[in-house]
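Heads up: the sequence shown begins at 534 in the numbering used here, then just goes up one per residue.
Where a beta carbon is used, it is the ideal one built from N, C-alpha and C, also for glycine.
Quick caveat, the model's predicted, so the values are computed rather than measured.
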Amino acid sequence: MTANKEKKNVKQRGGHTHGWGHKKKHRGAGSRGGRGMAGSGKRADQNKMRVLKQFGTKYFGKHGFKSKKQFTLKSINLYEIEKLGKDIVELKGYKVLGTGNLTKKIKITANKFSKKALEKIKKTGGEAVTYGEDNVGDN
534 MTANKEKKNV KQRGGHTHGW GHKKKHRGAG SRGGRGMAGS GKRADQNKMR VLKQFGTKYF
594 GKHGFKSKKQ FTLKSINLYE IEKLGKDIVE LKGYKVLGTG NLTKKIKITA NKFSKKALEK
654 IKKTGGEAVT YGEDNVGDN
(Lines of atoms letter the chains of each structure in order from A; the text may use other names.)
(Lines give C-alpha, C1' and ligand atoms only; values in the text may rest on other atoms or scores of the structure.)
Protein backbone atom coordinates (compact mmCIF):
# COMPACT_ATOMS: atom_id res chain seq x y z
CA MET A 534 0.00 0.00 0.00
CA THR A 535 1.33 3.48 -0.95
CA ALA A 536 1.63 6.21 1.66
CA ASN A 537 -0.47 9.33 1.08
CA LYS A 538 1.34 12.66 1.02
CA GLU A 539 1.31 14.29 4.43
CA LYS A 540 -0.06 17.84 4.60
CA LYS A 541 2.47 20.61 5.28
CA ASN A 542 0.93 21.73 8.56
CA VAL A 543 0.85 18.13 9.80
CA LYS A 544 4.55 17.76 8.95
CA GLN A 545 5.38 20.89 10.89
CA ARG A 546 3.65 19.80 14.11
CA GLY A 547 6.23 19.72 16.87
CA GLY A 548 8.77 21.83 14.99
CA HIS A 549 8.90 25.17 16.76
CA THR A 550 9.84 27.27 13.71
CA HIS A 551 7.39 25.85 11.13
CA GLY A 552 9.75 26.20 8.21
CA TRP A 553 10.98 29.72 8.93
CA GLY A 554 14.50 28.80 9.98
CA HIS A 555 15.64 30.37 13.24
CA LYS A 556 13.08 31.51 15.81
CA LYS A 557 14.03 35.16 15.53
CA LYS A 558 13.51 35.35 11.75
CA HIS A 559 9.72 35.10 11.48
CA ARG A 560 8.56 37.96 13.63
CA GLY A 561 6.47 41.04 12.98
CA ALA A 562 7.59 44.60 12.38
CA GLY A 563 9.20 44.64 15.81
CA SER A 564 12.22 42.68 14.65
CA ARG A 565 12.74 45.20 11.84
CA GLY A 566 12.46 48.24 14.10
CA GLY A 567 9.04 49.15 12.76
CA ARG A 568 7.63 49.60 9.27
CA GLY A 569 8.96 52.14 6.80
CA MET A 570 10.25 55.30 8.44
CA ALA A 571 9.04 54.29 11.89
CA GLY A 572 11.56 54.89 14.61
CA SER A 573 13.36 57.71 12.81
CA GLY A 574 12.33 60.20 15.47
CA LYS A 575 14.14 62.00 18.26
CA ARG A 576 15.68 58.91 19.88
CA ALA A 577 16.87 57.22 16.67
CA ASP A 578 20.12 59.15 16.57
CA GLN A 579 21.88 56.44 14.58
CA ASN A 580 19.43 56.98 11.68
CA LYS A 581 19.51 60.77 11.73
CA MET A 582 22.17 61.32 9.07
CA ARG A 583 20.45 58.97 6.63
CA VAL A 584 17.10 60.71 7.14
CA LEU A 585 18.62 64.19 6.84
CA LYS A 586 20.36 63.20 3.61
CA GLN A 587 17.19 61.69 2.17
CA PHE A 588 14.59 64.27 3.25
CA GLY A 589 16.44 67.40 4.40
CA THR A 590 16.26 69.33 7.66
CA LYS A 591 12.49 69.90 7.62
CA TYR A 592 11.77 66.22 8.39
CA PHE A 593 12.30 66.67 12.13
CA GLY A 594 10.38 68.91 14.50
CA LYS A 595 7.22 70.96 14.21
CA HIS A 596 6.85 73.79 11.73
CA GLY A 597 4.51 76.73 11.42
CA PHE A 598 1.78 78.15 13.57
CA LYS A 599 -2.00 77.84 13.45
CA SER A 600 -4.01 80.44 15.25
CA LYS A 601 -6.89 79.19 17.37
CA LYS A 602 -8.81 82.34 16.49
CA GLN A 603 -8.85 81.49 12.79
CA PHE A 604 -12.42 81.88 11.55
CA THR A 605 -13.58 81.40 7.98
CA LEU A 606 -17.03 82.15 6.67
CA LYS A 607 -18.95 79.57 4.68
CA SER A 608 -20.27 80.81 1.36
CA ILE A 609 -23.76 80.60 -0.11
CA ASN A 610 -25.03 81.78 -3.49
CA LEU A 611 -28.21 83.69 -4.29
CA TYR A 612 -29.70 80.79 -6.27
CA GLU A 613 -29.38 78.58 -3.17
CA ILE A 614 -31.18 81.19 -1.07
CA GLU A 615 -33.88 81.40 -3.79
CA LYS A 616 -34.39 77.61 -3.52
CA LEU A 617 -35.18 77.92 0.21
CA GLY A 618 -38.39 79.77 -0.70
CA LYS A 619 -38.45 81.99 2.39
CA ASP A 620 -39.03 85.75 2.64
CA ILE A 621 -36.67 86.23 5.60
CA VAL A 622 -33.38 84.31 5.69
CA GLU A 623 -30.85 84.40 8.55
CA LEU A 624 -27.37 83.12 7.71
CA LYS A 625 -24.99 83.42 10.65
CA GLY A 626 -21.41 82.49 9.70
CA TYR A 627 -22.04 82.93 5.95
CA LYS A 628 -20.96 85.22 3.15
CA VAL A 629 -23.58 85.69 0.42
CA LEU A 630 -22.20 85.48 -3.12
CA GLY A 631 -23.84 86.76 -6.29
CA THR A 632 -24.25 83.66 -8.47
CA GLY A 633 -27.85 83.28 -9.65
CA ASN A 634 -30.83 85.63 -9.62
CA LEU A 635 -33.63 86.45 -7.22
CA THR A 636 -37.23 86.52 -8.46
CA LYS A 637 -38.88 87.95 -5.33
CA LYS A 638 -37.79 90.35 -2.63
CA ILE A 639 -36.07 88.68 0.30
CA LYS A 640 -34.61 90.03 3.54
CA ILE A 641 -31.24 88.34 4.05
CA THR A 642 -29.19 88.64 7.24
CA ALA A 643 -25.59 87.41 6.96
CA ASN A 644 -22.04 88.22 8.08
CA LYS A 645 -20.88 89.48 4.67
CA PHE A 646 -22.13 90.15 1.15
CA SER A 647 -20.29 90.38 -2.15
CA LYS A 648 -20.84 93.53 -4.23
CA LYS A 649 -22.77 91.63 -6.93
CA ALA A 650 -24.98 89.96 -4.34
CA LEU A 651 -25.85 93.35 -2.82
CA GLU A 652 -26.70 94.76 -6.27
CA LYS A 653 -28.98 91.83 -7.12
CA ILE A 654 -30.75 91.89 -3.75
CA LYS A 655 -31.43 95.63 -4.02
CA LYS A 656 -32.55 95.29 -7.67
CA THR A 657 -35.38 92.97 -6.62
CA GLY A 658 -36.34 95.28 -3.75
CA GLY A 659 -34.91 93.05 -1.05
CA GLU A 660 -32.89 93.96 2.00
CA ALA A 661 -29.35 92.94 3.02
CA VAL A 662 -28.59 93.18 6.74
CA THR A 663 -25.22 92.31 8.29
CA TYR A 664 -24.29 90.93 11.69
CA GLY A 665 -20.93 92.74 11.75
CA GLU A 666 -19.93 96.24 10.65
CA ASP A 667 -17.88 95.36 7.55
CA ASN A 668 -20.51 94.02 5.17
CA VAL A 669 -18.83 94.05 1.74
CA GLY A 670 -15.48 92.63 0.76
CA ASP A 671 -13.25 89.62 0.56
CA ASN A 672 -12.92 86.83 3.03
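(request) Report the three-state DSSP secondary structure of Tyr664 (helix, strand or coil). (result) Here residue 664 corresponds to residue number 131 of the sequence shown, with the count starting at 1. Tyr664: coil per DSSP, three-state reduction.
(message) With a threshold of 7 Å between beta carbons, is Lys595 in contact with chain D?
(response) Among the chains of the structure shown, chain D does not appear; only one protein chain is present.
(message) As a quick exercise: from Thr550, Lys586, Tyr592, Leu635, pick the residue whose alpha carbon is nearest that of Ser620.
(response) Here residue 620 refers to the residue found at position 87 when the sequence shown is read from its first residue. One point to set straight first is that residue 620 is Asp, not Ser, in the sequence displayed. Here the closest residue by C-alpha is Leu635.
(message) Beta-carbon within less than 7 Å of Gly633's beta-carbon, same chain only, minus the 5 sequence neighbours each way: which residues are those?
(response) As a first step, residue 633 must be located in the sequence shown, where it is residue number 100. Excluding sequence neighbours, Gly633 sits near Asn610, Leu611, Tyr612, Glu615.
(request) For Arg560, I'd like the list of residues in its chain whose CB is within less than 7 Å of its CB, leaving aside the five on either flank, ordered along the chain. (result) Taking the first residue of the sequence shown as position 1, residue 560 is located at position 27. Around Arg560: no qualifying Cβ.
(message) The alpha helix (DSSP H) that contains Lys541, what's its start and end?
(response) Here residue 541 is taken as the residue at index 8 of the sequence shown, counted from 1. Its alpha helix (DSSP H) spans residues 541–544.
(request) Return the chain-ordered list of same chain residues with a C-beta closer than 8 Å to the C-beta of Asn580, the five sequence neighbours on each side being excluded. (result) Taking the sequence shown and counting its residues from 1, one reaches residue 580 at position 47. These residues qualify, in order along the chain: Gly572, Ser573.
(request) Give the secondary structure of Ala577 by DSSP, where H, G and I count as helix, E and B as strand, and everything else as coil. (result) Within the sequence shown, numbered from 1, the residue matching residue 577 stands at position 44. Looking at Ala577 - three-state DSSP - the assignment turns out to be coil, as it is neither helix nor strand.
(request) List the whole-angstrom C-beta distance separating Lys645 from Lys625, where the pair is believed to meet the contact cut-off of C-beta under 8 Å. (result) For the purposes of this step, residue 645 is taken as residue 112 along the sequence shown, with counting starting at 1. For the purposes of this step, residue 625 is taken as residue 92 along the sequence shown, with counting starting at 1. The pair is not a contact, with the Cβ atoms about 11 Å apart (cut-off 8 Å).
(request) Check the DSSP bridge columns for Leu635 and list the partner residues they point to. (result) Taking the first residue of the sequence shown as position 1, residue 635 is located at position 102. Beta-bridge pairing links Leu635 to no other residue.
(request) With distances taken Cα to Cα, identify the nearest neighbour of Asp663 among Lys638, Lys656, Glu623. (result) The residue labelled residue 663 in the question sits at position 130 within the sequence shown. Position check: residue 663 holds Thr in this sequence, whereas Asp was assumed. Nearest C-alpha to Thr663: Glu623.
(request) Find the nearest neighbour of Lys637 within the set Glu652, Gly563, Gly659, judged by alpha-carbon distance. (result) By 1-based counting over the sequence shown, the position of residue 637 is 104. Nearest C-alpha to Lys637: Gly659.
(request) Please work out which residues of its chain come closer than 6 Å, Cβ to Cβ, to Tyr592, disregarding the five sequence neighbours upstream and downstream, and give them in chain order. (result) Stepping through the sequence shown from its first residue, residue 592 is reached at position 59. So the qualifying residues of the chain are Val584.
(message) Determine whether the beta carbon atoms of Ala661 and Gly631 lie at a separation below 7 Å.
(response) Walking along the sequence shown from the start, residue 661 turns up at place 128. Walking along the sequence shown from the start, residue 631 turns up at place 98. Contact: no.
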